[in-house]
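Which chain is which? The protein sequence lines are A, B and C, in order. Residues 0 to 481, numbered by numbering that gives the first Met the number 0, are exactly what the first sequence covers, in order. Residues 0 to 457, numbered by numbering that gives the first Met the number 0, are exactly what the second sequence covers, in order. Residues 0 to 129, numbered by numbering that gives the first Met the number 0, are exactly what the third sequence covers, in order. Note that CB positions come from ideal geometry on N, CA and C, so glycine has one too. Here's the structure we're looking at; comments come further down.
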Amino acid sequence: MAKLFLFGIGGTGSRVIRSLTMLLAAGVELPNCDRVVPIIIDPDAHNGDMNRTVALLQSYQQIYKKLGPREEGFFKTDISTLSGISQDVNGSVKDTFIFDFGGINQSFRQYLSYDGLSVDSKGLVDLLFTQDNLESPLTIGFRGSPNVGSIVLNKLVESPEIRFFADNFQEGDRVFFVSSIFGGTGAAGFPLMLKNLKDTNTRLSNARYLRDAPTGAVTVMPYFALQSEDNSVIDSNSFLTKTKAALSYYEHNLQGLNALYYLADTPDTPYENQPGGTQQRNKAHLIELLAALSIVDFMKYSAAELRTGGPHFHEYGLATDAPEVQFNHLPDESRELMAKHLTQLLYFTRYHRQFLATDKAPYHDNLKLDYALRNEPIFRELQNILHSPEFGVDEWLKELGQNRRAFRPFDLATDDFNAMIAGKPVEKKWTDFFNKGINHNYFLDSLNKTEKTIAEPDNFKKLIELFYDVTDKAFEEKVKVV
Amino acid sequence: MQRSPFSQLLPGLLAVALLLPGCYSRDDLKSDAGNTKAAETIEAAAGKAPAASPEAEPSATTAATGPLKQVNVFLEVSGSMEGFMPKTGADAQNTRFQQHVAQFLSDVNRSASVQRKTFYRIKDKPYRDSYQQLETTVREGIREPASSTSIPAILDTLVSHYYQPNAVSVLISDFIYAPRNAGAVPYIKTDITDALNAAGRSDLAVSVYGHTSDFKGAFYPAMKTAAKRINRCCDTDIPYYVWVIGPADAVRRFDAALLKKAPGEQAHFGVKYSAPPSSLLNKFQNQGAWYYGEKDASKRAAGATYHTVAVSEVSAQQPVEFVLGMNLQALPTLYQDLGHLKANLQLTGQDTDAKIVNVFGATDQTRASSGPEAQYTHFVKIRVTKMGKAARPLQVILQDKRPMWITQWTTKNDSNINQVGAKTFALSSLIDGVAAVTTDEQNQAPIFQVPLTLQPAD
Amino acid sequence: MQSFFRFLYELIGTPQPPADTPVYRQIVFPNIGLLNLGISLALVLIFYYVINKAMGVATFNKLRHWTLFLVLNALIAFIVVVWQAKAQQVTDHSYIYWLATLNAVYGLLFYFLFSVILRKGSTNASTTPF
């Protein structure tokens with residue numbers, strides 16, 4: 000039962016975990032690992048990105064619990080909360096994907112007990128932190144201030160969550176950090192977390208396992224800009240400066256890291272400047288998807304490979320620099336990794352939305368979908384994860400295509416399955432009268448045919464397996480390559 | 000597209016395609032085993048009655064091919080015949096006898112149906128004549144009337160010396176047989192019987208054709224109570240007869256070949272006829288719920304005939320009527336005569352009230368019909384209102400009843416022939432004598448019978 | 000077999016006119032019966048195995064499509080009787096049309112029975128009509 004403990008730090012962490020969840024939902028294989036345990040570390044409890052990532056993770060988890068482990072398929076990899084991996088004896092760890100900061104709804108000044116400090120200490124604090132830093136409430140995160148974050152996050156190690164994590168850490172488990180280098184929480188949190196886990200003098204249990212565990216990280220460097228607002232606490236113009244400062248720190252202070260992935264893009268369209276809270280809900284971005292891919296890439300290496308040759312550094316380059324990235328703009332490796340699975344997921348979600356409820360077909364009858372779709376909670380959960388306007392697959396795919404560096408591998412506007420993969424329409428052989436490529440009829444026929452070959456008694460499991468097989472076949476038979 | 004499922008289906012579809020046209024038609028129909036059995040039993044039951052039907056006559060059928068070997072024509076030229084063949088006078092009038100017999104002799108002489116024709120005059124015994132001589136005698140009259148020879152003696156001679164297979168003797172005479180005395184009259188029949196039986200011919204048959212002719216000369220009555228001869232007779236026509244004597248088969252064929260259209264009356268003794276072609280007609284004046292009971296009735300093969308009536312429902316309110324068509328063309332005209340048929344056709348059956356309600360001949364309409372009725376010359380309509388619970392034989396029989404004319408043409412006393420009219424002395428007795436030889440009186444065979452089966456519908 | 004078809008078709012009474020009874024019993028009944036069975040089977044095979052399996056058509060499996068074939072089958076069954084009556088030269092009689100109607104009803108029945116038996120083997124219509 001090898002696990003991957005995935006620390007998503009800050010808003011970027013949430014968004015990358017969202018993309019990874021989508022990849023796993025699409026059936027992307029995560030090798031050397033049975034279970035992913037995402038831990039989102041973000042003091043901003045109302046962060047919109049985080050909330051919808053959590054909702055997505057919960058939905059995924061529900062579905063996985065129903066499906067269980069399989070050889071392949073949609074939702075193949077288990078995603079579990081920290082408390083879910085083991086029975087917590089004293090109940091101090093909540094069953095959630097979010098690290099519990101215990102409601103630090105105070106200002107940084109209060110957090111430091113500034114007023115109770117000695118004059119010398121006050122002087123030091125004044126030297127390190129601006130007045131703004133001291134007055135800002137911690138509930139919305141560290142707002143691009145690593146100096147604040149590093150203080151607060153250093154205390155994480157003493158939390159029950161981390162202790163629980165260490166108690167349940169086993170040989171073979173891996174750790175991966177996702178953070179942005181230019182923000183507040185991530186930039187400060189990642190090196191701190193790493194240092195504490197790898198500390199030779201740590202008081203945590205399983206210290207040796209922790210020290211030896213293959214550890215990776217993806218650091219997202221600036222890829223967006225924020226609209227400049229005179230009074231805003233976050234100024235994207237400082238991103239580069241902050242990045243440079245952080246990188247120079249990373250250069251010497253990332254002990255125990257086996258692989259580090261760097262991702263960056265030239266900022267183009269500025270995001271609306273929302274320093275935090277529920278308003279910070281950014282559209283899913285290609286960079287996050289690529290960051291999620293780096294996790295998959297990291298898992299592909301064996302522990303031995305990771306340990307030899309010191310830290311491995313990875314960067315990413317598109318095959319073609321295009322403002323609207325399609326599958327053929329990706330390098331072969333990434334394309335092979337996700338093109339087919341994402342296409343399958345797209346076919347599934349489109350078919351689910353357009354036809355599933357109204358189909359009159361043997362597979363539909365045999366799965367008793369008329370009843371199940373209306374009444375069984377798990378089928379509603381599937382509906383959520385696919386079509387929720389908050390966190391659903393449809394929304395995610397749509398958002399990916401709405402950035403200036405858009406990831407638009409699919410034409411989401413069309414109803415023609417043959418034309419859904421951008422730049423790669425399904426070839427219809429007109430010589431064969433019956434070959435209409437991929438259409439409703441094709442899927443129906445394939446669903447009916449395949450349904451007979453699946454001997455799964457549970458109709459939900461069967462439905463998922465059925466659609467995975469059918470979309471797999473559609474891809475192999477009709478799309479072949481992208 | 001995947002082809003494999005379709006190719007798997009192909010054989011099945013082909014089988015269906017083959018099945019469709021392969022079903023029942025008239026030609027290849029095979030009935031269920033059960034049906035066959037049932038029908039056979041019925042056939043067997045029905046078959047008992049017609050077992051002795053004339054069809055089972057191998058000699059008749061084999062000899063029926065080809066012409067007769069010989070015909071011997073005997074013309075009596077005794078004095079009593081002179082009135083039929085008077086010497087040609089200035090008035091050049093001749094009798095109907097002359098016209099008829101001359102024509103007949105000519106017909107015989109010309110006929111291809113007989114290989115050898117010989118002609119005889121009968122005086123005290125037969126004298127060989129050529130056709131020309133005999134023809135001349137008929138036309139120009141008897142030049143030297145011979146003394147009369149008795150009928151039994153002539154018959155004896157013909158049967159004893161001229162009887163041979165595939166040959167007939169034709170005797171033309173007035174057949175006035177005068178017994179030696181009045182006391183001998185009751186033995187006329189016996190005399191004739193003995194004469195014909197002298198040679199012990201088992202298959203002897205006699206066809207009698209009765210004609211009348213004007214008569215110009217002396218009439219010699221058999222009963223000589225009034226006068227030995229009546230000169231310058233007669234004011235009435237006098238009958239004369241053509242007898243065809245020989246083996247039954249030869250007589251039948253000679254009748255058919257040369258006497259088919261014979262005018263006058265006729266009677267046949269000992270002649271056996273094959274059953275006439277016949278069939279029930281299910282769409283000709285039929286009424287009520289019945290159909291052909293034959294197991295292969297549905298084939299409706301061309302020329303097929305049917306003799307089984309299967310009745311599904313019958314009662315006094317819903318009578319069943321069916322028509323039997325018969326082709327009587329091969330029979331002598333006597334047996335084609337509607338009057339004779341109406342009088343003599345009988346229907347025999349068991350457990351039924353079936354009866355003949357009508358006998359009628361072919362009309363232009365029936366002959367022009369496209370139905371099977373076109374093949375038949377005569378029709379017998381039978382009505383049933385009651386029947387047994389199982390198959391029963393039903394037979395249409397034409398009994399061998401002596402025609403009425405024989406009695407009518409018979410007189411017990413011809414001494415006053417002008418008053419008596421065209422009659423012959425003791426004709427009935429002569430015929431009785433013939434009948435005694437040619438028919439088994441205990442078990443008189445019918446002329447023909449058509450066996451039918453009347454059965455409830457299954 | 001003849002007796003079976005005879006039983007089947009004489010439920011509405013004996014053939015009319017009675018003179019054609021042997022033709023009906025020995026030719027027409029078995030013919031229309033076998034044809035009806037064969038055509039029903041063929042249509043069921045076409046619907047379930049040709050269209051909804053071999054040809055891969057998946058949208059022609061609704062109740063209305065099935066009903067279309069059902070009605071088509073009944074129509075053919077009706078026509079078959081009229082045609083057979085003509086072919087076998089039976090006497091024209093209103094009975095022919097009663098028989099045709101009965102055959103159409105049997106066509107519906109046969110089609111339904113074959114459907115129930117054979118539908119499971121179909122890909123896209125294995126749950127049609129229900």
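Interface partners of residue i on chain A, CB under 9 Å
i: Val22(C); result: Per Cβ cutoff of 9 Å: no residues; Val22(C) is ~45 Å from chain A at best.
i: Asn102(C); result: Simply none; closest approach about 31 Å.
Cβ distance (whole Å) where residue i is taken to contact residue j below 8 Å
i: Leu56(A); j: Phe96(A); result: 5 Å
i: Asp190(B); j: Pro220(B); result: No, Asp190(B) and Pro220(B) are not in contact; Cβ-Cβ is about 18 Å, not under 8 Å.
i: Gly245(B); j: His210(B); result: Contact flag wrong, Cβ pair sits at about 20 Å.
i: Val358(B); j: Leu340(B); result: 5 Å
i: Leu108(C); j: Ile11(C); result: Contact doesn't hold; Cβ gap of about 14 Å is too wide.
Rounded separation between residue i and residue j - CA only
i: Leu137(A); j: Ser106(A); result: 6 Å
i: Lys223(B); j: Ala217(B); result: 13 Å
i: Gly171(A); j: Glu455(A); result: 32 Å
i: Arg138(B); j: Gln97(B); result: 6 Å
i: Gly120(C); j: Ala296(B); result: 44 Å
i: Val167(B); j: Pro318(B); result: 50 Å
i: Ala412(A); j: Ala418(A); result: 10 Å
i: Glu160(A); j: Leu5(A); result: 14 Å
i: Pro282(B); j: Pro21(C); result: The residue asked about is misnamed: residue 282(B) is Lys in this sequence, not Pro. About 13 Å.
i: Phe103(B); j: Ile171(B); result: 10 Å
i: Ala103(C); j: Leu74(C); result: 6 Å
i: Glu293(B); j: Asn326(B); result: 21 Å
i: Thr192(B); j: Val313(B); result: 51 Å
i: Gln92(B); j: Pro125(B); result: 28 Å
i: Glu450(A); j: Asn374(A); result: 21 Å
i: Leu451(B); j: Gly37(C); result: 40 Å
Chain C contact residues for residue i, given Cβ-Cβ distances below 7 Å
i: Tyr291(B); result: Pro21
i: Asp517(A); result: Outside the displayed range of chain A (0 to 481) lies residue 517(A), so it cannot be described from this structure.
i: Lys427(A); result: By Cβ distance, chain C contributes nothing, its closest Cβ being about 14 Å from Lys427(A), past 7 Å.
i: Asn285(B); result: Ala18
Boundaries of the alpha helix (DSSP H) in which residue i is found, first to last residue
i: Asp128(B); result: Counting along the chain, Asp128(B) falls outside any alpha helix (DSSP H), though it belongs to the beta strand (DSSP E) covering Pro125 to Asp128.
i: Pro29(C); result: Phe28 to Leu44
i: Gly106(C); result: Tyr94 to Leu117
i: His160(B); result: Ile150 to His160
Start-to-end residues for the beta strand (DSSP E) that takes in residue i
i: Ile437(A); result: Careful: Ile437(A) lies outside any beta strand (DSSP E) and carries neither H nor E.
i: Ser311(B); result: Thr307 to Glu312
i: Phe175(A); result: Arg173 to Ser179
i: Ser172(B); result: Ala166 to Ser172
Residue i: CB within 7 Å of a non-hydrogen atom of the ligand ATP
i: Glu450(A); result: Inclusion of the ligand ATP in the displayed structure is not the case, the ligand content being empty and no account of it being possible.
For residue i, three-class secondary structure by DSSP
i: Phe5(B); result: For Phe5(B), the predicted model reports a pLDDT of 46, less than 50, meaning its position is unreliable; a value from the coordinates is still stated below. Looking at Phe5(B) - three-state DSSP - the assignment turns out to be helix.
i: Gln88(C); result: coil
i: Thr40(B); result: Low per-residue confidence applies at Thr40(B): pLDDT is 39, beneath 50, and the placement is therefore not dependable enough to give any value.
i: Tyr291(B); result: strand
i: Leu333(B); result: helix
i: Ser368(B); result: coil
i: Glu264(B); result: strand
i: Arg202(A); result: coil
i: Val270(B); result: coil
i: Ala62(B); result: Confidence in Ala62(B) is poor, its pLDDT being 46 and thus under 50, which makes the residue's placement unreliable; the coordinate value appears in the next sentence. In this structure, Ala62(B) counts as helix in the three-state DSSP scheme.
i: Trp395(A); result: helix
i: Asp213(B); result: coil
i: Glu304(A); result: helix
i: Ala315(B); result: coil
Where residue i meets chain C, residues with beta-carbon distance less than 9 Å
i: His313(A); result: By Cβ distance, chain C contributes nothing, its closest Cβ being about 46 Å from His313(A), past 9 Å.
i: Lys282(B); result: Pro16, Ala18, Asp19 and Thr90
Neighbouring residues, chain B, relative to residue i (Cβ below 9 Å)
i: Thr13(C); result: Ala288, Ser311, Glu312 and Ala456
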